[in-house]
Amino acid sequence: MDQVKIIEIKKSIFANNDQDAEKLRKELKVKGVYLLNLMSSPGSGKTTTLIQTINRLKDKIKIAVMEADIDSDVDAIKIKEATGIPSIQLHTGGMCHLDAEMTRQGLDNVPMEGVDLVILENVGNLVCPAEFDTGAVRNAMILSVPEGEDKPLKYPLMFSICDVVVINKMDVLPYFDFNLEKCKEYIHMRNPKAQVIPICAKTGEGVDAFAAWLLNQVQEWKKQ
Amino acid sequence: MHELGIVFYIIRDVKEAAQEHGVEHVNAVVMNIGEVSTVVPEYLTDCWRWAADKEDMLKGCELKVNIIPAVTYCENCGAKYPTVQHGKICPECGSEKTYLLQGNEVEIKEIEV
Numbered sequence: 275m276d277q278v279k280i281i282e283i284k285k286s287i288f289a290n291n292d293q294d295a296e297k298l299r300k301e302l303k304v305k306g307v308y309l310l311n312l313m314s315s316p317g318s319g320k321t322t323t324l325i326q327t328i329n330r331l332k333d334k335i336k337i338a339v340m341e342a343d344i345d346s347d348v349d350a351i352k353i354k355e356a357t358g359i360p361s362i363q364l365h366t367g368g369m370c371h372l373d374a375e376m377t378r379q380g381l382d383n384v385p386m387e388g389v390d391l392v393i394l395e396n397v398g399n400l401v402c403p404a405e406f407d408t409g410a411v412r413n414a415m416i417l418s419v420p421e422g423e424d425k426p427l428k429y430p431l432m433f434s435i436c437d438v439v440v441i442n443k444m445d446v447l448p449y450f451d452f453n454l455e456k457c458k459e460y461i462h463m464r465n466p467k468a469q470v471i472p473i474c475a476k477t478g479e480g481v482d483a484f485a486a487w488l489l490n491q492v493q494e495w496k497k498q
Numbered sequence: 340m341h342e343l344g345i346v347f348y349i350i351r352d353v354k355e356a357a358q359e360h361g362v363e364h365v366n367a368v369v370m371n372i373g374e375v376s377t378v379v380p381e382y383l384t385d386c387w388r389w390a391a392d393k394e395d396m397l398k399g400c401e402l403k404v405n406i407i408p409a410v411t412y413c414e415n416c417g418a419k420y421p422t423v424q425h426g427k428i429c430p431e432c433g434s435e436k437t438y439l440l441q442g443n444e445v446e447i448k449e450i451e452v
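Chain order of the listed sequences is A and B. The working numbering numbers the first residue of the first sequence as 275 and each following residue consecutively. The working numbering numbers the first residue of the second sequence as 340 and each following residue consecutively.
Here it is, written out as structure tokens:
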């Protein structure tokens, strides 16, 4: 009978990805390119928010967008048509998230000449993308009013890794039992440092504040 | 829902470790999965069967899961309590200043060859 031999490994399966992500971040730093990882549930208004934000910033800095989806290229086309900036579509092939290696492969296909800011629109999902460091400089997420104020309690990891939480669809607030103050309280329970920016991507209300945060981030990243 | 992706990572790391040790076939992989790691063990083993059998080195290889209980520590009163039952708020003193001691692990403990 064959003897069973045990080889101890004791290694987190995220360890390789964390290393890849750290390496990518360093390379981006050298190139002076800021990568933002934008996450949310499906239907929270990521693409509409991006279009509004890009149109406020595109004369000041050079921007490119990577859209990640399980399938289709509707978002990439929408962004390109509405803003005129380069936008590529990544297909995750059924996977629910992007990791650092997939992000790197995506960046290889972006026309990077003179680009200051790359926005990665991650797969719409509040669970898996939070687990995998993409190599982005900062994480931001969009929570929309119809989703409910309790989401920070249900998806704690997502809220704990985001530097900014944009609350979208503020125009429908009167029709939902959504308490903005309660929501902020829940977010800060998970992440005391998270900045909360209420907006309405449809009307553009509040988008200036998010655009200003992002512009400042990009400028600081290039300065240091 | 992300279990298949995680299975691909496990396969990559196990193959790497097996090659390092000059092993040709792995009989079992033992995982440490934390209670609040967001990984569902049943989905993980289902995905594993499907994906592992496509690899010569891992045909028939069993995935064993050790569940690591989630424990939270309260900075305010020093209590250690089960996270799943009580969440973020300390049941002893009501403080929110708590952090997870263990329970979010997704790691390969060992392989049997």
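Note that the Cβ used here is the ideal one computed from N, Cα and C, for glycine as well.
Extent of the continuous beta strand (DSSP E) to which Cys386 (chain B) belongs: Run containing Cys386 (chain B): none in the beta strand (DSSP E); it sits in the alpha helix (DSSP H), Pro380 to Ala391.
CB contact below 7 Å: Arg282 (chain A) versus chain B: According to the sequence provided, residue 282 (chain A) is Glu. The question's Arg does not apply to it. Closer than 7 Å to some Cβ of chain B, the Cβ of Glu282 (chain A) qualifies, so yes.
Inside the region 332-369 of chain A only - beta strand (DSSP E) runs reaching at least 3 residues: 337-343 and 361-365
C-beta neighbour in chain B for Ile287 (chain A), strict 7 Å: yes
Classification of Ile344 (chain A) by the beta-carbon crowding that lies within 10 angstroms, buried from 16 upward: exposed
Rounded Cβ spacing between Glu423 (chain A) and Tyr460 (chain A) (contact assumed at less than 8 Å): 7 Å
Cβ of Thr377 (chain B) within 7 Å of any chain D Cβ: In summary, chain D is missing from the structure at hand, where the protein chains are A and B.
Integer-rounded CB distance, given that Ile441 (chain A) should sit under 8 Å from Leu454 (chain A): 7 Å
7 Å CB neighbourhood of Leu309 (chain A) in its chain, flanking five on each side removed: Leu302, Val392, Leu394, Gly409, Ala410 and Val411
Where the beta strand (DSSP E) containing Gly373 (chain B) begins and where it ends: Ala367 to Gly373
Alpha-carbon to alpha-carbon, Val375 (chain B) and Glu363 (chain B): 34 Å
Segments of 3+ residues assigned as beta strand (DSSP E) that fall wholly inside the region 388-450 of chain A: 391-395, 412-418 and 438-442
Any chain B beta carbon closer than 7 Å to Met275 (chain A): Below a pLDDT of 50, predicted positions are generally treated as unreliable, and Met275 (chain A), at 46, falls in that range; the measurement from the model is reported next regardless. Chain B contact via Cβ: absent.
Host alpha helix (DSSP H) of Ile461 (chain A) (start-end): Leu454 to Arg464
Candidates A:Gly478, A:Gln493 and A:Lys297: closest to Ile325 (chain A) by CA position: A:Gly478
With 16 other Cβ atoms within 10 Å as the buried cut-off, status of Ala391 (chain B): buried
Delimiting residues of the alpha helix (DSSP H) encompassing Met386 (chain A): No alpha helix (DSSP H) holds Met386 (chain A); DSSP gives it neither H nor E.
Closest by C-alpha distance to Cys474 (chain A), when choosing among A:Lys334, A:Arg299 and A:Ser418: A:Ser418
Proximity winner among A:Lys300, A:Gln498 and A:Leu489, relative to Lys336 (chain A) (alpha-carbon distances): A:Leu489
Closer than 8 Å at the beta carbon, the chain B residues around Met313 (chain A): Neighbours of Met313 (chain A) on chain B: none; closest Cβ ~13 Å, over 8 Å.
Cα-Cα separation between Lys397 (chain A) and Ala404 (chain A), rounded to whole angstroms: Note on identity: in this sequence residue 397 (chain A) is Val, with Lys being the wrong assignment. Their backbone Cα atoms lie some 11 Å apart in a straight line.
Alpha helix (DSSP H) segment containing Thr422 (chain B), residue limits: Thr422 to His425
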